[in-house]
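Keeping their order, the protein sequence lines are chains Y and U.
Under the working numbering, residues 1 to 227 are what the first sequence spells out, in order.
Under the working numbering, residues 228 to 454 are what the second sequence spells out, in order.
Glycine is no exception: its CB is placed at the ideal position from the N, C-alpha and C atoms.
Predicted model only: the values in this text are computed from it and were never measured.
One structure below.
Number of protein chains: 2
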Amino acid sequence: MQDHLQIKMDEFLPLRDVVFNTLRQAILTGDLKPGERLMEIHLANRLGVSRTPIREAIRKLELEGLVIMIPRRGAEVAQITEKSMNDVLEVRRSMDALCIELACERISEEEVVALKKACDEFEQAVETGDIKIIAQADVALHDIIVRATGNMRLVQLINNLSEQMYRYRFEYIKDSSQHARLVEEHRMIYDSIVRKDKETASRVAKLHIDNQKKSIIDQLRLDRSNR
Amino acid sequence: MQDHLQIKMDEFLPLRDVVFNTLRQAILTGDLKPGERLMEIHLANRLGVSRTPIREAIRKLELEGLVIMIPRRGAEVAQITEKSMNDVLEVRRSMDALCIELACERISEEEVVALKKACDEFEQAVETGDIKIIAQADVALHDIIVRATGNMRLVQLINNLSEQMYRYRFEYIKDSSQHARLVEEHRMIYDSIVRKDKETASRVAKLHIDNQKKSIIDQLRLDRSNR
DNA sequence: GGTTTGTATTTTGTATACATTAATCATATT
DNA sequence: AATATGATTAATGTATACAAAATACAAACC
């Protein structure tokens with residue numbers, strides 16, 4: 001683990017939640033790598049807190065599937081296998097389709113405007129060529145759709161599933177030959193939501209995931225062979 | 228909280244997991260009621276352990292959505308609102324459809340046999356008229372289908388969603404006028420899986436949830452008005 | 001050489017202690 | 001009488017202490 005694991009003090013959150021967010025972020029960004037052990041005293045010293053909040057944070061990470069517990073040996077960052085990624089993508093594909101169908105039914109006028117804006121901003125982001133900006137614009141756009149469902153449980157589940165893909169998504173975005181396709185897909189999604197065309201919307205959403213799948217899995221394989 | 232909250236000692240599980248399972252069960256069975264506070268010292272005394280494993284169990288229940296945390300006030304059993312139940316059912320409906328479609332593709336010969344057996348056993352369970360036996364047979368049957376997907380993430384997600392419905396499911400099963408319909412639906416599910424007819428299977432799975440929805444929501448309303 | 005066994009060390013699992021904040025309740029004041 | 005206020009109690013948040021298990025490593029043994 002490189003040493004930029006640092007706690008961001010949020011004055012009014014319990015330490016356990018601060019630690020939880022910190023570790024979660026570290027895992028998602030790859031700062032803490034799969035297989036790496038999370039040793040309590042170590043983390044406690046590094047983050048300048050006691051073991052208690054560390055342990056409580058780990059319990060949540062455990063349930064979230066980001067770390068696995070080995071009894072009497074402690075926690076380590078969960079390995080992402082090809083199988084587990086396929087499982088995630090399979091569910092995500094279906095949930096995204098559900099999201100967009102519900103969005104067709106329930107999206108508000110303001111949200112349609114926001115979605116339009118997000119589409120335009122994504123197009124601009126693509127033009128900058130900056131991966132981080134593009135990824136951020138992509139998240140913002142999808143977030144609008146997910147929230148438009150009004151289903152908070154669904155929001156939470158999608159977020160959890162997205163987590164698992166987080167690290168590997170970048171490779172797809174990096175591939176600039178896909179950018180035109182992405183912009184086009186987003187516009188199709190926008191159009192079909194506006195037209196309340198659930199059929200098309202759902203098809204595009206699934207296609208959207210299918211397109212990402214190959215590069216995510218490739219990246220995953222590459223990652224594994226590099227260890 | 229009535230006083231049959233008791234710990235079941237599993238020699239080789241960490242206490243936090245034993246406590247987690249105990250509290251989880253207590254919440255699902257309604258032994259711990261929505262809104263009821265989970266006070267650490269009380270629970271610790273009652274279960275004969277210290278606060279530490281209690282707290283760690285609560286962290287997991289928190290992420291699972293079964294309890295909510297109020298800062299500096301502690302945990303209480305999550306209220307199940309009509310909205311949150313609708314959200315759950317909406318996602319569950321879609322996931323069940325996914326499950327059964329995947330099962331069509333991937334179910335093994337042995338699992339088909341097991342599913343047939345589970346169907347028959349459900350029919351027998353219905354004949355006994357015993358709610359608990361029927362509910363159990365129902366769970367067993369659905370479990371086979373979910374597992375037949377081979378998607379462990381999906382299994383985990385469906386289990387989490389089922390939790391939320393757990394308490395309220397019984398009312399539907401109690402209504403014996405629905406029994407014939409249930410048996411019929413199960414047979415249709417079995418048939419369509421054997422024929423690998425994803426279209427029909429998916430439709431029946433959704434219908435299956437839709438049929439349960441009304442009585443679950445009714446029960447929820449009744450539950451709320453009784454407090 | 002390889003296996004085994006024993007000891008030291010590390011790490012987790014659990015309990016407890018201390019600090020801080022929230023809730024309670026009685027008393028005083030207007 | 002109603003509201004404020006202050007002391008008391010109780011609960012959570014955090015840190016630390018202690019016990020037990022796992023690991024690592026070295027010496028003894030075959």
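- Within its own chain, the residues whose Cβ lies closer than 6 Å to the Cβ of Thr200/Y, once the five positions on either side in sequence are excluded, are Ser192, listed in chain order.
- The Cβ atoms of Leu61/Y and Ala44/Y do not sit closer than 9 Å to each other.
- Here DSSP, grouped into helix, strand and coil, assigns Leu381/U to helix.
- Contact of Pro34/Y with chain U by beta-carbon distance below 9 Å is absent, the smallest such distance being about 16 Å.
- Its chain contains Leu161 as the residues whose beta carbon lies nearer than 7 Å to that of Val91/Y, once the 5 sequence neighbours on both sides are disregarded; these appear in chain order.
- In terms of beta-carbon proximity, Leu102/Y lines the interface with chain U, with at least one pair separated by less than 9 Å.
- Between the stretch 369-377 of chain U and the stretch 326-335 of chain U, the count of Cβ pairs shorter than 8 Å is three or higher; the stretches touch.
- Residues Ile358 of the same chain have their beta carbon placed closer than 8 Å to that of Lys401/U, with the five preceding and five following residues left out of the count.
- In terms of beta-carbon proximity, Val410/U stays away from the interface with chain Y, with every pair separated by 9 Å or more.
- Pairing Gln212/Y with Tyr166/Y gives a Cβ-Cβ distance that is not under 9 Å.
- At least one C-beta of chain U is nearer than 9 Å to the C-beta of Leu63/Y.
- Setting aside the 5 residues that flank it on each side, His179/Y is surrounded in the same chain by Val126, each with a C-beta closer than 7 Å to its C-beta; the list follows chain order.
- If only complete runs of 3 or more residues are kept, the stretch 69-95 of chain Y shows the beta strand (DSSP E) at 74-77, in order along the chain.
- By a beta-carbon distance limit of 8 Å, Val294/U contacts Leu265/U. Their separation comes to about 6 Å.
- Taking all protein chains in view, the Cβ of Ser177/Y is surrounded by fewer than 16 other Cβ atoms within 10 Å, so the residue is classified as exposed.
- Interface with chain U (9 Å Cβ-Cβ cutoff): Asn151/Y is included.
- Relative to Phe122/Y, the option among Arg187/Y, Thr22/Y and Ile41/Y whose CA is nearest is Arg187/Y.
- In this structure, Gly129/Y lies away from Gln79/Y, with their beta-carbon atoms at least 9 Å apart.
- Neighbours of Lys196/Y in chain U, taken as residues at a C-beta separation under 9 Å, are lacking, since the least C-beta distance is about 18 Å.
- Residues of the stretch 71-91 of chain Y with a C-beta less than 9 Å from any C-beta of chain U: Pro71, Arg72, Lys83, Ser84, Asn86, Asp87, Val88, Glu90 and Val91, listed in chain order.
- Distance between Ala103/Y and Met95/Y, taken at the CA atoms: about 12 Å.
- From the beta-carbon of Lys440/U, no residue of chain Y is found nearer than 9 Å; the closest lies around 15 Å away.
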